[in-house]
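A.B. asks: If you use this note's numbering, the sequence shown closes out at 97, no skipped numbers anywhere.
The structure's right below; bear with me while I get my questions together.
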Amino acid sequence: LVDVMDVNTQKGTEMSMSQFVRYYETPEAQRDKLYNVISLEFSHTKLEHLVKRPTVVDLVDWVDNMWPQHLKEKQTEATNAIAEMKYP
Numbered sequence: 010l011v012d013v014m015d016v017n018t019q020k021g022t023e024m025s026m027s028q029f030v031r032y033y034e035t036p037e038a039q040r041d042k043l044y045n046v047i048s049l050e051f052s053h054t055k056l057e058h059l060v061k062r063p064t065v066v067d068l069v070d071w072v073d074n075m076w077p078q079h080l081k082e083k084q085t086e087a088t089n090a091i092a093e094m095k096y097p
């Protein structure tokens with residue numbers, strides 16, 4: 010599921026990936042609503058190796074540059090549970 014926000018109402022909702030692709034591929038003039046994708050997290054998925062973030066982000070990312078290496082290595086699965094999170 011993809012978390013999206015209706016720009017006009019500022020209300021959040023979810024779309025399946027196929028719904029989002031259909032929305033995204035629809036020409037702007039034909040869209041009924043304008044959605045903002047809040048976060049499209051694909052870490053620990055097959056997409057992880059197909060997408061590369063801009064080099065400038067690598068240079069200024071405090072989490073990647075400053076996070077203790079031993080905590081990075083302990084995080085093996087994605088989680089939203091703060092108590093279990095070692096590396097975001």
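Ideal Cβ positions, reconstructed from N, Cα and C, are used throughout, including at glycine.
Since this is a predicted model, take the numbers as computed values, not measurements.
Helix, strand or coil: which one does DSSP assign to residue 60?
C.D. replies: Coil.
A.B. asks: From this set, 87, 13, 18, 59, which residue's C-alpha is nearest residue 122's C-alpha?
C.D. replies: This structure cannot settle anything about residue 122, because the visible part of the chain is limited to 10 through 97.
A.B. asks: According to the neighbour-count rule (16 or more other Cβ atoms, all chains shown, within 10 Å of its Cβ), is residue 11 buried or exposed?
C.D. replies: Buried: at least 16 other Cβ atoms inside 10 Å.
A.B. asks: For residue 15 and residue 44, which I take to be in contact (beta-carbon distance under 8 Å), what is that distance rounded to the nearest angstrom?
C.D. replies: Between residue 44 and residue 15 the Cβ distance is about 6 Å, and since that is below 8 Å, they are a contact.
A.B. asks: Is residue 87 near residue 52, with beta carbons less than 9 Å apart?
C.D. replies: Contact flag set, yes.
A.B. asks: Which residues bound the alpha helix (DSSP H) around residue 139?
C.D. replies: For the chain, the structure presents residues 10 to 97; residue 139 sits outside this window and is missing.
A.B. asks: Among 29, 58, 55, 38, which residue has its Cα nearest to the Cα of residue 48?
C.D. replies: Checking every option, the nearest Cα to that of residue 48 belongs to 29.
A.B. asks: Note the first and the last residue of the continuous alpha helix (DSSP H) segment covering residue 82.
C.D. replies: 78 to 83 is the extent of the alpha helix (DSSP H) around residue 82.
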